[in-house]
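Please read the structure below before turning to the comments.
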Amino acid sequence: MAAAVLALAACGRDSAEPPTPAGVTAATRIDFAHVANYAAPPLPAYFDETVAALDNSPASNPIDDRVATLGRVLFHDLRLSTNNRASCASCHQQRFGFTDPMRFSNGISTAGTTDFHAMRLGNLRYWQPGTTFWDRRAANAEAQASHPLHSLVEMGWNEPAGGIDALIRKMAATAYYPELFAWAFGDTTITEPRIQQALAQFVRAMVSRDSRWDAGYAQVFSTTAPMRALDVDLPNFTPEENRGRHLFMAGVDEGGAGCASCHLPPTFALAADARSNGLDDGETRLFKAPSLRSVGLTGPYMHDGRFATLAEVVDFYATGVRDGPALDPRLRQGSGPRRLDLSAADRAALVAFLKTLDDPVLSTDPRFGDPFRR
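UniProt numbering numbers the first residue of the sequence shown as 1 and each following residue consecutively.
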């Protein structure tokens, strides 16, 4: 194996793809000769410079197809947990928009669960300033990648288990990670920063752009139209869905619900200046919400999964917003929280629109699926 690894490392990043090592082939379906396109996928015309300006990818970690492919292996590998029971994909399940239908997730044991509901991952790269987790505690996707590894509940590599050094020794003993790291980085060294880089690249590559909303918006998009034609009826929508679209896109003073002022189309990621949404009285924490892409694939919703359905979410924004120091100004009216005057039909229309954001391509794309031979 050592000779094969050294030969692979010597190939260099500018040479033709080397043969896939036997250890990689035995464990995974990764093929070095056919590398998936993560770095430069085709994007709709409306993913232009206005969207690119929101990209939180650091200059020090641009997406590279090989490194992102390594990230795919890491994301799905149960061996990254102490007892081979949990992976990133255990909580962030592709078919559900990279979230968990459970309110709180299990990791290495059913005896413990996470403190927060697993966040959807699509279009994570378009949130500024790039902080992650519901409470924004990680500075970026790179830092976030380490948290589950060190968590006693999730992957289990806390100090009593030997910490990250024990995980790296476990990875180095496999027949595939030394070869994959050499292919991605030029040598076989496995480090926590490299793990972070690969996982962050893989997650940032999860760009959602193939919903029914995208199919309709592509037909009307114009850079010169008011609001870039965001508040124009879409030809592939039902009247109810177009009503919901208008409510979402238009401001409150224009007869809408003002949702788009926080959940920015076309990525539907959160606005950089968004604060808290008033879930509880007196809230002081600033929350980060994921993009609304694929929000209809499964509940529950909010950081603690308190709402089981989208209808409950819409009802909350219509009548349930609570006041507190961290409440976003867009959810405030006068000295208190805003109450939207939404009929039952309007609430149903908003739910119908939100479901048009579901992305059946991202939820089945083999580039993001499990690469292992189970």
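C-beta atoms are modelled at their ideal positions from N, C-alpha and C, and glycine is treated no differently.
Have a look at the DSSP bridge pairing and note the partners of residue i.
{"i": "Y217", "result": "DSSP lists no partner for Y217."}
{"i": "T99", "result": "Q93"}
{"i": "residue 375", "result": "This structure gives no information on residue 375, because the portion of the chain shown stretches from 1 to 374."}
{"i": "H263", "result": "L270"}
{"i": "N106", "result": "T113"}
{"i": "A138", "result": "T132"}
{"i": "F327", "result": "What sits at residue 327 in the sequence shown is Leu, not Phe. Beta-bridge pairing links L327 to S276."}
{"i": "F307", "result": "Y301"}
{"i": "F372", "result": "T28"}
Can you tell me whether DSSP reads residue i as helix, strand or coil?
{"i": "P41", "result": "coil"}
{"i": "Y301", "result": "strand"}
{"i": "S276", "result": "strand"}
{"i": "G244", "result": "helix"}
{"i": "P19", "result": "coil"}
{"i": "S343", "result": "coil"}
{"i": "P360", "result": "coil"}
{"i": "H34", "result": "coil"}
{"i": "M227", "result": "helix"}
Is it buried or exposed for residue i, if we count other Cβ within 10 angstroms and need 16 for buried?
{"i": "H263", "result": "buried"}
{"i": "S222", "result": "exposed"}
{"i": "S294", "result": "buried"}
{"i": "D359", "result": "buried"}
{"i": "L43", "result": "exposed"}
{"i": "H92", "result": "buried"}
{"i": "E49", "result": "exposed"}
Going by the CB atoms, is the gap between residue j and residue i shorter than 8 angstroms?
{"i": "S57", "j": "G122", "result": "no"}
{"i": "N106", "j": "T113", "result": "yes"}
{"i": "P337", "j": "R347", "result": "no"}
{"i": "A161", "j": "T82", "result": "yes"}
{"i": "A349", "j": "G244", "result": "yes"}
{"i": "I190", "j": "F181", "result": "yes"}
{"i": "A200", "j": "E159", "result": "no"}
{"i": "P266", "j": "V51", "result": "yes"}
{"i": "D310", "j": "S363", "result": "Before going on, a small fix: residue 310 reads as Leu here, not Asp. Not a contact, by the Cβ cut-off of 8 angstroms."}
{"i": "F368", "j": "M249", "result": "no"}
{"i": "R66", "j": "A184", "result": "yes"}
{"i": "A308", "j": "G299", "result": "yes"}
Could you tell me how far apart the beta carbons of residue i and residue j are, in whole angstroms, since I believe they sit closer than 8 angstroms?
{"i": "A139", "j": "A27", "result": "Wrong, their Cβ atoms sit about 33 angstroms apart, outside the cutoff."}
{"i": "R330", "j": "G258", "result": "6 angstroms"}
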